[in-house]
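Chains A and B, in that order, give the protein sequences.
The first sequence begins at 3 in my numbering and counts up one residue at a time.
The second sequence begins at 3 in my numbering and counts up one residue at a time.
Take a look at the structure set out below.
2 protein chains.
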Amino acid sequence: MPHCNGSDHTRESATHPVTAEPATHNSQTASGRSEPATIRDVARSANLSIASVSRALNGHANVNPATRARIVAVAAELGYVPNAAARSLSTARTHAIGVVLPDFHGEFFSELMRGMDRAASAHGYQLLLSNTHSDNTMATHAITAMLGRVDGLVVMAPSFATAKLLRNMPVRVPMVLANTGDGTAHHSIRIDNRLGANSAVVHLLEQGCRRIVHIGGPADNIDGHERREGFAAAMRALAPTQSIVVRDGEFQDSCGDRIVRELLDQGIEFDGIFAANDMMALGALHALRECGIDVPGEVAVIGFDDIPLAHYLALTTLRVDVAGVGGRAIDRLIAEISGTAGLPSTEAILPELVIRGSTRS
Amino acid sequence: MPHCNGSDHTRESATHPVTAEPATHNSQTASGRSEPATIRDVARSANLSIASVSRALNGHANVNPATRARIVAVAAELGYVPNAAARSLSTARTHAIGVVLPDFHGEFFSELMRGMDRAASAHGYQLLLSNTHSDNTMATHAITAMLGRVDGLVVMAPSFATAKLLRNMPVRVPMVLANTGDGTAHHSIRIDNRLGANSAVVHLLEQGCRRIVHIGGPADNIDGHERREGFAAAMRALAPTQSIVVRDGEFQDSCGDRIVRELLDQGIEFDGIFAANDMMALGALHALRECGIDVPGEVAVIGFDDIPLAHYLALTTLRVDVAGVGGRAIDRLIAEISGTAGLPSTEAILPELVIRGSTRS
DNA sequence: CCTGTGGCCGTAACCGGTTACATAAGTGGC
DNA sequence: GCCACTTATGTAACCGGTTACGGCCACAGG
Chain A
3 MPHCNGSDHT RESATHPVTA EPATHNSQTA SGRSEPATIR DVARSANLSI
53 ASVSRALNGH ANVNPATRAR IVAVAAELGY VPNAAARSLS TARTHAIGVV
103 LPDFHGEFFS ELMRGMDRAA SAHGYQLLLS NTHSDNTMAT HAITAMLGRV
153 DGLVVMAPSF ATAKLLRNMP VRVPMVLANT GDGTAHHSIR IDNRLGANSA
203 VVHLLEQGCR RIVHIGGPAD NIDGHERREG FAAAMRALAP TQSIVVRDGE
253 FQDSCGDRIV RELLDQGIEF DGIFAANDMM ALGALHALRE CGIDVPGEVA
303 VIGFDDIPLA HYLALTTLRV DVAGVGGRAI DRLIAEISGT AGLPSTEAIL
353 PELVIRGSTR S
Chain B
3 MPHCNGSDHT RESATHPVTA EPATHNSQTA SGRSEPATIR DVARSANLSI
53 ASVSRALNGH ANVNPATRAR IVAVAAELGY VPNAAARSLS TARTHAIGVV
103 LPDFHGEFFS ELMRGMDRAA SAHGYQLLLS NTHSDNTMAT HAITAMLGRV
153 DGLVVMAPSF ATAKLLRNMP VRVPMVLANT GDGTAHHSIR IDNRLGANSA
203 VVHLLEQGCR RIVHIGGPAD NIDGHERREG FAAAMRALAP TQSIVVRDGE
253 FQDSCGDRIV RELLDQGIEF DGIFAANDMM ALGALHALRE CGIDVPGEVA
303 VIGFDDIPLA HYLALTTLRV DVAGVGGRAI DRLIAEISGT AGLPSTEAIL
353 PELVIRGSTR S
């Protein structure tokens, strides 16, 4: 690029009175596709020191208003954007939050992210994402990769195995756990699965059910575990004469379908189903309808989560404010980052019963 | 943060020879809750220079194998993790990719993220997320905030207004556009909406439909726009005698419902509906059923996207490999980052017709 | 007129890495 | 025995910000 019109930005020659013009290291205009302008470019262009530029742009008080205005104008003209890495290096703050999730599936995930993003961007934080791909060891690997590039972590590890790994990992950053079976050492936020299960049982009993079966979640999953325990506890307390029937699935609709057919084949009688999540409940609904069993007349069905499908297929369920979980997790993490959080504690989100056609006609 | 051990912030004492043994600045073991170990700690502990540590840990060739092994061992013992900000600063690489999306809603979003995450982590990249909250100016703001902390950007801006802003923004990083109406200046990837619309029309005509109406998407949306145009073009080409009826909605189920009722009220006859997305198609299905109109007997309905609900409600639709879009976008961005990408070009993902009960009994 | 004070600004150290270059030791060939 | 060359390691200059500290100047009080 030989002698491009260097007329406008060669003011720096004023500081160096003579010498042979340092090759105009970086004197292109903002419109060019040049290297991004640095704080030094701004300082040179404004005939000020980099310290003043830094102070002015960061809103420090001890800067002359006129000077600040000039700096802001020059910065805008050069299209200056502070280098985030450099800033992080000297301030030891990244303004980023790492999010480690077990899997990117379905509405649950997008709602969670929505809540997190809103809370994070409200505080000027950005979200760095990582999927553990349902591999337990991946979680620690993902966290390690994030160390140093985030100010804190939100980790979701519903699998007990992952939670165990987590517990043994030394942390160097603030961390909030979501839906994880470890409420002692860290700040955490969870769904009150036992309460939800209790609400489900109460509702089914109110509808007149006398033989309730539970389609449970995976044994390794904390939510499945707690919902199963909550179901059993509620049954013991509220319907002590009923036998407790539980069949575990894998949170997929096909499991619900299969388990219902197995129960029917085995001649097990039931008039109510509490599934540990909506997908399995929908699979159960499907199987019941195919077998000509009236819902809710002969069998009432209730799920957990309130996914959009539940609304469409009139499934009674327990609504969980997933976006709220995400938002609260971020809020608490930011509180911990800024040192305004208290001792580690666990916060529970309460599920809300949503009654639809699958339990009441 | 009361009385944290103030011994660690006396950094200037290292330069001034204050005698008195620098107090083993940072010699705790990995298990402690101390300040993270730096490369200097590792070097000191291994009796080597920081250059050797850097070379050893980065796999450079010119390091004695025995030395490398010792360094690796010491690093592991100290729990050393390189500071990402420092590394980014000197290498000008962040190994992060910025993702700017219009909204975090539904299955579409999670599938997209899934595809992106898989592709990104396969190449050792992390994802930095940003939501533009459906505010056009937010997009440029979000991008600005990401500059310097990412190696490249994937931007999704289905709104024409946002795309326009984007076009005028000077870019300093590699960028791939997804579903955006600007295929000239940047690498981009999109859904072949016109082809999909054509497939829909062909299928409806094959099913014997002779009066097809289109429930279109928002005027400002590129996908809606292209599907509408594709519909009109296909009708002109394949059924030139039919009049082209189009009613625009907002991609929500309620719109489909409302529009169908309006058409019926206005006495407009039709035997086929092509909706610009599945949600509106489902709304239409709902309205038709409530009005006692047989589907597909009297009216066939086809949607676009193949969301999970479509499967459950037996909606014929055009499947879009959303995860594939995300994955391809990341792959191409990484190619551009590493300089192995060619000139900007547009890549199209082909929708696939999925025939279900709403068009064929 | 001298000195204290406060506002504004510049100098330079520092954050924790990477890497060009210098240095030192070992190897082979003549 | 000397030189060229390779290999292994150390030194120090960066990368682009932030900020402690000190200097300069204007102005007020004595």
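Cβ coordinates follow ideal geometry from the N, Cα and C atoms, glycine included.
| Given a threshold of 16 other Cβ atoms within 10 Å of its Cβ, counted over all protein chains shown, does leucine 206 of chain B qualify as buried or as exposed? | buried
| leucine 114 of chain A to asparagine 60 of chain A span [Cα, whole Å] | 32 Å
| field | Nearest-angstrom beta carbon gap, glutamate 109 of chain A and proline 310 of chain A [assumed within contact, 8 Å] | value | 6 Å
| said: By the three-class DSSP mapping on this structure, what secondary structure does asparagine 170 of chain A have? | reply: coil
| message | I'd like to check one pair, asparagine 133 of chain B with arginine 70 of chain A: are the Cβ atoms closer than 9 Å? | response | no
| Are the CB atoms of leucine 149 of chain A and alanine 98 of chain A nearer to each other than 9 Å? | no
| task | Report the option in A/Phe306, A/Asn85, A/Ala147 whose CA atom is closest to the CA atom of glycine 81 of chain B. | result | A/Ala147
| request: Identify each residue in the region 44-78 of chain B for which the Cβ-Cβ distance to at least one residue of chain A is less than 9 Å, and report them in chain order. | output: none
| field | Residue nearest to serine 47 of chain B in terms of C-alpha spacing, selected from B/Val76, B/Thr342, B/Arg57 | value | B/Val76
| message | So within the region 194-232 of chain B, which uninterrupted beta strand (DSSP E) runs reach at least 3 residues, ignoring any that extend past its ends? | response | 214-218
| Of all the CB atoms in chain A, is at least one closer than 9 Å to the CB of serine 161 of chain B? | no
| query | Helix, strand or coil: how does DSSP classify isoleucine 332 of chain B here? | reply | helix
| Proximal residues to isoleucine 246 of chain B (C-beta, below 7 Å), its chain only, five neighbours per side dropped | Ala234, Met237
| said: Looking at the strands, I want to know which residues DSSP matches up with aspartate 153 of chain A. | reply: Paired residue(s): none; aspartate 153 of chain A is not in a bridge.
| task | Name the residue from B/Ser363, B/Gly329, B/Leu355, B/Arg358 whose alpha carbon lies nearest to the alpha carbon of valine 101 of chain B. | result | B/Gly329
| message | At the 9 Å Cβ level, is histidine 107 of chain A part of the contact set with chain B, yes or no? | response | yes
| query | DSSP three-state call for isoleucine 246 of chain B: helix, strand or coil? | reply | coil
| request: Provide the residue span of the beta strand (DSSP E) that contains alanine 241 of chain A, from first to last. | output: Careful: alanine 241 of chain A lies outside any beta strand (DSSP E) and carries neither H nor E.
| field | Proximity of arginine 229 of chain A and asparagine 195 of chain A at Cβ, strictly below 9 Å | value | yes
| Terminal residues of the beta strand (DSSP E) in which phenylalanine 111 of chain B lies | That residue, phenylalanine 111 of chain B, is in no beta strand (DSSP E); its alpha helix (DSSP H) goes 108-124.
| Nonlocal neighbours in the same chain, by C-beta distance under 6 Å from glycine 263 of chain A, ignoring five residues either side | A quick correction: the sequence has arginine, not glycine, at residue 263 of chain A. Result list for arginine 263 of chain A: Ala289, in chain order.
| said: Just to make sure I have the definition right: I need the residues of chain A whose C-beta is within less than 7 Å of the C-beta of valine 83 of chain B. Which are they? | reply: Thr146, Leu149, Gly150
| request: Return the chain-ordered ranges of every alpha helix (DSSP H) run that is complete within the region 272-308 of chain A and spans a minimum of 4 residues. | output: 280-292
| query | What residues from chain B crowd round arginine 42 of chain A, counting only those whose CB sits closer than 7 Å? | reply | In chain order: nothing, as chain B lies at least about 14 Å away.
| query | Name the chain A residues whose beta carbon is nearer than 9 Å to that of serine 90 of chain B? | reply | Asn85, Ala86, Ala87, Ala88, Ser90, Leu91, Arg151
| At least 3 beta-carbon pairs within less than 8 Å: the region 149-166 of chain A vs the region 158-178 of chain B | no
| task | Output yes if chain B places a C-beta closer than 9 Å to the C-beta of phenylalanine 111 of chain A; else output no. | result | yes
| Quick one: is asparagine 279 of chain B near chain A, going by C-beta distance under 9 Å? | no
| request: Put histidine 313 of chain B into one of helix, strand or coil per three-state DSSP. | output: helix
| Using CA coordinates, which residue listed in B/Leu355, B/Gly326, B/Gly341 is at the minimum distance from glutamate 349 of chain B? | B/Gly326
| Cβ-based neighbour list, aspartate 255 of chain B, same chain, cut-off 8 Å, excluding 5 preceding and 5 following | Met281, Met282, Leu284, Gly285, His288
| query | In whole angstroms, what is the alpha-carbon distance linking isoleucine 332 of chain A and methionine 118 of chain A? | reply | 6 Å
| request: Taking C-beta pairs closer than 9 Å, name the residues in chain A that threonine 96 of chain B reaches, listed in chain order. | output: Ala86, Ala87, Arg151
| said: Which residue wins for smallest C-alpha separation from isoleucine 261 of chain B, given the options B/Asp250, B/Glu271, B/Glu338? | reply: B/Asp250
| said: Can you pull the chain A neighbours of leucine 315 of chain B, defined as C-beta to C-beta under 8 Å? | reply: Tyr314
| Simplified DSSP assignment, three categories, for glycine 341 of chain B | coil
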